[in-house]
Amino acid sequence: MSIIDLTMNEFDLTQEEIGFIRTRHTSKQLAFALLFKYYQKSHQFINDLTKLPTYLINQVASQLNIPPVICGVSSRTYDNYISLIRKYFKISFSKKTHYKELEVWIKNELLPTHHLAEEEIKNQAIGYLKERGIESFKEKTMARVILDATNAFENELFEKLKSTLSTEDEAQLNGLLLPYKEGLSYLGWINKEINNPSLDSILGLMEQLSILNRFNFDLVTLQAIPRKRIVHYSEAFTRLNPSDLKQMADNKRCAHLFMYCQTKKEEVIDKTIDMFNRIIRNVIHKSEKRVVRKLINDIKKVYGKDTILFHIAEVCLEQPDGTIRDKIFPIVGQDKLKNIIDEYKKKGPKYQSLLHQKIRSSYAGYYRRMVQPLLENVIFRSNNLEHQPILDALTLIKKYFDSNKVYFPDNEDVPMDCLPDKWRKRIVDPTTGKIKRICYEVYVLKKLADRIRCREIWIDGSFKHRNPDEDLPNNFEENKEAYFDDLSLPLDGDVFIEQLKQRLSSALAALNDTIPHNTKVKISSQNGGRIIVTPLTPQAESNNIGIIKKYLQEKWEGTNLIDMIKEVDLENQFTHDFISYGQKIYLKPHEISERILLTIYGMGTNVGLKHMCAGNAHISEHQLRHIKNYFLSTDNLKNALSKVANALFKIRLEEIWGGMPIAVASDSTQFSAYFQNLISEYHNRYGGRGVMIYWHVEKNACCIHSQLKSVSSSEVSAMIEGVLRHCTEMSVQKNYVDTHGQSEVGFAFSHLLGFSLMPRLANLNKQKLAQCELGDYQKYKNLQAVLTDTINWQLIKEQYSQFVKYTAAMKAGHADPESILRRFNQNNLKHPTYIALSQLGKVLKTIFICNYLMHESIRQEIQEGLNVVELWNGVSKFIFYGRAGEISSNHEKAQTLSVLSLHLLQLSMVYINTLMIQQIIEEYGLKHKLTKEDKRALTPLIYEHVNPYGLFPLDLSTRLPNLHYGVAV
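Using the numbering used here, the letters of the sequence shown map in sequence onto residues 1 to 969.
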């Protein structure tokens with residue numbers, strides 16, 4: 001295992017262990033203890049004890065009450081210590097028979113059910129040997145065993161997949177390599193990226209899908225393989241050159257083509273449906289804009305209508321027998337009255353009529369061409385009989401699509417139950433009672449898009465829009481107790497509800513008792529009840545932060561950002577873990593590391609790969625593109641981020657930064673991006689088109705998770721995703737968010753997942769408090785102005801098991817949070833689980849608001865956390881400066897790689913800044929001078945001394961000047 005993975009609590013000694021260690025001579029006890037504890041943790045012996053972190057050596061020495069000095073150990077003594085430690089742990093020598101035993105276990109037990117990186121396989125293998133009392137193999141032996149097991153497993157898998165193919169299937173797969181059109185093969189055509197949401201794109205996707213639909217594979221074998229492994233092989237396949245395909249063994253090529261075609265088919269269907277939803281939405285939005293613009297141009301607003309009405313009323317009362325022409329026209333004027341009538345007519349009913357006409361003409365004149373190929377190539381399904389009329393309507397549309405008749409035939413049974421009454425009057429001709437065919441299509445497709453978004457209608461062969469029942473664990477009922485235990489939730493719903501009732505009653509009672517004496521919070525009865533909170537008082541200024549920054553600037557002024565990420569890699573060797581998608585590797589490890597770092601820097605700063613060659617004449621742009629194609633992947637970058645984040649937690653000094661963090665703040669920021677893709681959208685709040693990057697950052701500025709998202713996607717699902725999938729050693733117990741990062745459903749799932757959602761509510765004045773019991777309105781007189789309905793506890797109890805089922809699916813990775821939360825939105829208000837989740841969310845939100853109002857410290861804590869993530873947003877714009885900060889790609893995968901590269905660059909800067917700050921504090925004796933205010937204001941998110949510009953020379957043989965790890969850590 002990596003030395004950097006060791007933590008202090010893993011080197012704690014028990015009394016029994018101390019007694020065993022003290023059987024050695026005092027001068028040798030420290031060396032023996034370190035060897036002993038390292039083996040206990042890693043099941044491996046370390047050759048050089050001086051490589052262990054100083055803090056671990058100091059900790060072990062203090063437990064033994066001896067100086068932290070490692071005395072030299074002879075090879076004979078070292079072998080003796082190893083023998084004693086083996087005997088203590090009852091470990092036997094490893095033999096050649098054990099090599100084969102481990103290889104068989106990896107091949108038959110581990111790999112078929114898990115897709116793991118080599119390091120993870122190694123850790124599992126060490127655990128397997130440890131359980132059986134067998135000593136771990138040497139590094140090279142272990143690597144060879146893992147490689148042999150992996151190769152044997154893959155050969156068997158590829159042969160098994162090939163055996164499921166008929167001769168015809170095999171011929172069709174190989175036929176994908178034949179020429180198709182525009183100089184591309186069939187394979188090249190279906191691999192072509194189509195991203196711009198337009199009619200032509202949907203038609204292009206339908207052409208790809210028609211090619212992929214020719215295959216009728218037996219998917220039983222494929223479904224037994226972990227999806228992550230299938231995606232990995234498919235991704236690797238797309239990065240291969242044509243020459244690589246020719247060199248592949250027949251079974252390997254067929255298996256890769258098989259897996260690629262299946263995942264590509266899912267991707268094409270997903271993209272098609274996303275484009276369909278976007279186009280339907282755009283048709284309506286663009287029509288609304290055009291109609292509004294037309295009405296604004298038509299309307300000549302008449303001013304002073306109240307005065308006119310007064311004069312008319314006055315004349316009518318004074319001269320009731322006079323004629324309109326003689327008495328009213330002289331006062332108002334006939335033209336002005338005509339303008340008032342025109343203004344009224346152009347409101348209300350006319351707007352809806354014009355909008356309907358515009359939507360219909362836009363659809364019929366242009367977008368209707370997408371419907372026929374869509375209905376021919378995509379199969380829509382639903383598990384809910386309530387939505388069967390929509391599917392019947394689609395069948396009817398397909399049947400009469402080529403008809404030139406305005407109406408459906410009189411004898412045709414047209415499903416109308418799926419459409420609301422307000423739409424029907426636009427569809428049914430008021431004079432004949434017949435149903436207008438084109439109008440019917442428009443509203444059925446809009447209803448279809450709404451039902452797809454909330455997953456009531458799903459698509460056969462899709463992944464993102466698949467059967468929602470596949471999201472849930474299929475063994476939930478059989479293993480219900482295990483799922484409840486995993487989430488630390490009581491099996492009995494009554495116990496769960498009783499706990500919540502007590503918390504809610506206590507929170508309401510405490511707020512009711514304290515609100516009269518709270519000078520910072522007031523509950524007003526105006527405007528239906530309002531909560532008024534005094535803004536936070538500015539905190540005391542720091543005294544020593546300026547001094548630290550001054551020393552840091554003097555010592556490391558003009559530090560190149562590229563040298564920072566190089567230093568982090570030299571210390572943690574994260575580039576050594578990058579797995580290649582290629583068949584063979586001819587480059588030396590240091591050449592690969594150098595080029596990976598340059599590629600990450602080029603993408604993370606957005607300057608591009610061409611500019612990275614300016615200061616590195618021995619490297620060409622083509623070589624960097626080769627590295628990007630074969631080494632830069634989402635998994636590799638996420639593994640690197642995880643390694644650097646965990647290393648950052650370990651190098652921090654607790655007396656400066658505090659202990660292991662338990663809270664993160666999450667927020668999104670907009671980045672300008674090419675807009676001919678499904679991710680980029682116009683943002684009403686920020687203005688302009690772009691994408692959102694959602695960050696999870698803890699107080700001392702370690703960003704544990706980042707994700708690329710569209711403007712319209714749910715921030716609540718992004719918040720939950722980051723907490724569940726951050727892959728660091730941090731255990732998140734609190735999550736600070738802004739108003740957009742919370743919802744009632746978000747509160748419910750956060751609680752079920754075991755962390756507290758703590759939002760800064762911009763609309764706090766409009767919030768209401770739920771009643772626990774019916775008599776609470778009279779019981780809490782100080783809260784009456786903001787009390788709302790009583791919680792439906794019975795509904796929560798009925799749906800409790802469903803709550804846990806959906807939560808377990810999220811946690812186990814059966815589905816991502818966005819897929820789950822799409823079922824519980826405003827388009828699906830009747831779903832009983834959604835209603836119950838909203839009730840549970842109201843309980844938890846009320847408890848939070850009560851505590852938020854009672855304790856200013858909570859408000860301050862949330863504010864501080866969100867300030868850090870906003871500071872992170874600002875620094876990210878400083879680093880991502882190339883091409884005016886615009887993500888210059890329409891490919892979602894390329895956009896994601898840019899975001900992860902930016903994340904890794906910024907995290908590396910934080911890592912080095914942390915070391916620099918700690919060294920400054922140590923060298924200048926500031927540790928005991930730091931006040932509470934200093935520690936609160938101290939942050940590694942500073943960049944005045946950092947230079948991201950200019951040439952980018954990279955020399956792996958040099959280290960950062962003046963940075964001394966012995967002092968910093």
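Ideal Cβ positions, reconstructed from N, Cα and C, are used throughout, including at glycine.
Residue i versus the options, residue with shortest Cα-Cα distance
{"i": "G925", "options": "Y551, A171, L853 and H285", "result": "Y551"}
{"i": "K588", "options": "I600, T575 and T599", "result": "T575"}
{"i": "N763", "options": "G529, R132 and G775", "result": "G529"}
{"i": "S62", "options": "S92, L30 and Q172", "result": "L30"}
{"i": "Y366", "options": "E621, P832, I438 and K805", "result": "I438"}
{"i": "L761", "options": "M810, A748 and L866", "result": "L866"}
{"i": "H891", "options": "Y674, L871 and H964", "result": "Y674"}
{"i": "V644", "options": "K566, N543 and T605", "result": "K566"}
{"i": "M660", "options": "K160, D667, K650 and S668", "result": "K650"}
{"i": "I134", "options": "E159, V843, E170 and K96", "result": "K96"}
{"i": "F747", "options": "L355, L840, I704 and I592", "result": "L840"}
{"i": "S898", "options": "A249, S717 and M603", "result": "M603"}
{"i": "Y965", "options": "I523, L570 and E154", "result": "L570"}
{"i": "P389", "options": "E154, L448 and Q352", "result": "L448"}
Per-residue DSSP class, three states only, for residue i
{"i": "K181", "result": "strand"}
{"i": "Y407", "result": "strand"}
{"i": "V73", "result": "coil"}
{"i": "I46", "result": "coil"}
{"i": "T514", "result": "helix"}
{"i": "N677", "result": "coil"}
{"i": "N58", "result": "helix"}
{"i": "G813", "result": "coil"}
{"i": "V291", "result": "helix"}
{"i": "G659", "result": "coil"}
{"i": "N962", "result": "coil"}
{"i": "G493", "result": "helix"}
{"i": "I435", "result": "strand"}
{"i": "R253", "result": "helix"}
{"i": "V607", "result": "coil"}
{"i": "N947", "result": "strand"}
{"i": "N572", "result": "helix"}
Residues sharing a beta bridge with residue i, DSSP
{"i": "A665", "result": "V697 and Y736"}
{"i": "L757", "result": "N735"}
{"i": "H705", "result": "H696"}
{"i": "F380", "result": "I459"}
{"i": "F649", "result": "In the DSSP output, where bridge partners are listed per residue, F649 has none listed."}
{"i": "L787", "result": "L769"}
{"i": "I887", "result": "A673"}
{"i": "S524", "result": "R530"}
{"i": "R689", "result": "Y682"}
{"i": "N151", "result": "DSSP, once it has assigned bridges, lists no residue as partnering N151."}
Nonlocal neighbours in the same chain, by C-beta distance under 7 Å from residue i, ignoring five residues either side
{"i": "R229", "result": "H115"}
{"i": "R625", "result": "L609"}
Same chain only: Cβ atoms within 6 Å of residue i, ignoring 5 sequence neighbours per side
{"i": "Y39", "result": "F45 and I85"}
{"i": "N947", "result": "G558 and N560"}
{"i": "E193", "result": "H891"}
Beta-carbon proximity list for residue i, same chain, < 8 Å, skipping 5 on both sides
{"i": "E944", "result": "K549 and Q553"}
{"i": "G688", "result": "Q670, S672 and Y682"}
{"i": "S185", "result": "L176, L177, L178 and P179"}
beta-carbon residue i near the ligand MN non-hydrogen atom, thresh 7 Å
{"i": "Q918", "result": "Ligands displayed in this structure: none; no statement on the ligand MN is therefore possible."}
| message | Quick check: the region 469-485 against the region 742-752, are at least 3 beta-carbon pairs closer than 8 Å? | response | In short, these stretches do not touch, since the Cβ pair count stays below three.
| task | Assess, as a yes-or-no matter, whether the region 531-538 is touched by the region 792-807 under the definition of 3 or more beta carbon pairs within less than 8 Å. | result | Taking a cut-off of 8 Å for Cβ pairs, the region 792-807 and the region 531-538 do not touch, as fewer than three such pairs fall below it.
| message | Check whether the region 815-831 and the region 485-504 are in contact - that is, three or more C-beta pairs closer than 8 Å. | response | no
| task | Evaluate the contact criterion for the region 777-784 versus the region 432-446: three or more CB pairs, one atom per stretch, below 8 Å. | result | no
| Using 8 Å as the threshold, is the region 854-864 in touch with the region 824-836, meaning 3 or more CB pairs across them? | no
| field | Stretch-stretch touch, CB-based, cutoff 8 Å, three pairs: the region 275-288 with the region 221-239 | value | no
| task | Could you tell me whether the region 410-427 touches the region 370-380, where touching means 3 or more Cβ pairs closer than 8 Å? | result | The region 410-427, when compared against the region 370-380, does not touch it at the 8 Å Cβ threshold.
| Between the region 480-491 and the region 395-414, do at least 3 Cβ pairs fall closer than 8 Å? | no
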